[in-house]
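Residue -3 in my numbering sits at position 14 of the sequence shown; the count goes up by one each step and never skips.
The beta carbon of each residue, even a glycine, is placed where N, CA and C say it ideally should be.
These figures come from a predicted structure and were not determined experimentally.
Structure record follows, encoded as structure tokens.
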Amino acid sequence: EVYWTYENTNVGLNGSVYAQSFLNAQPFVATAIELDFEKVGATGDVTVMLCTCSAIGAPDFGQVIAHVTKERDDLVVGWNEFVIDYTLLEAGKRYAIVTVTTGNHSIWCTGQNKFTGGTRFACTDGIFAQGDLSADFAFRVRGARMRQPRTEIAFDPVALAGGMTDVEMVMKSWAPGGTALEWQFRPS
């Protein structure tokens, strides 16, 4: 039997909220978001979140799928890598990179709508995001490179006095389309 539970975490954030949406063309496992900082202010950590987008293409702040905070002292002018937990991004879906900070930081942007695969957004009330077609974030989404198409893990034999009647495995996992997690048991 397979069952799903969600691990919800409620987080309150304060500061300037900007976002950049993008269309994900192929399925892959995201490992980091990279942002190119033009200026780093004297104070203020930066929180980066990866969230899904609503049906109209705006960031859905209620559907954050990964987040990380980088302290001000770890920020540099140039590319900054925000490492996230391995996160499956599905093909054909829109996602948004959301930044939140109280600092006076600035991210390089492209002008004149050069990036046609998404939109930059500004949010002033924590829920509504207004699109801005004049500029887009300079960003990169890093993905995992798989070394092999199949992984096998052999478990040590398990024995229980009087025999076993059930095996229960609880773990965090996901399976991209075209793949499967399969478990095989061999009675002694």
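Check                                                                                                                             : Outcome
Residue 101 classed as buried or exposed, judged by whether at least 16 other C-beta atoms fall within 10 angstroms               : buried
Bridge-paired residues (DSSP) for residue 78                                                                                      : 5, 35
With 16 other Cβ atoms within 10 Å as the buried cut-off, status of residue -9                                                    : exposed
Nearest residue (CA-CA) to residue 8, options 74, 46, 106                                                                         : 74
Inter-residue Cα distance where the pair is residue 113 and residue 18                                                            : 21 Å
Chain-order list of residues whose beta-carbon lies under 6 Å from that of residue 127 (same chain, five-residue window excluded) : 12, 14
Distance CB(residue 124)-CB(residue 48) smaller than 8 Å                                                                          : no
Rounded C-alpha distance that separates residue 166 from residue 132                                                              : 16 Å
Exposure of residue 3, with buried meaning 16 or more beta-carbon neighbours within 10 Å                                          : buried
Option nearest residue 10 by Cα separation, candidates 135, 58, 129, 61                                                           : 129
Chain-order list of residues whose beta-carbon lies under 8 Å from that of residue 168 (same chain, five-residue window excluded) : 150
Member of 46, 50, 119 whose CA lies at the smallest distance from the CA of residue 95                                            : 119
Best match in -2, 59, 158 for proximity to residue 22 [C-alpha to C-alpha]                                                        : 59
Exposed unless 16 or more other CB atoms sit within 10 angstroms - verdict on residue 42                                          : buried
Boundaries of the beta strand (DSSP E) in which residue 140 is found, first to last residue                                       : Segment: none, residue 140 is in no beta strand (DSSP E) and carries neither H nor E.
First through last residue of the beta strand (DSSP E) which encompasses residue 115                                              : 112 to 115
Collapsed DSSP secondary structure at residue 55 in the structure displayed                                                       : helix
Start and end residues, beta strand (DSSP E) containing residue 62                                                                : 61 to 72
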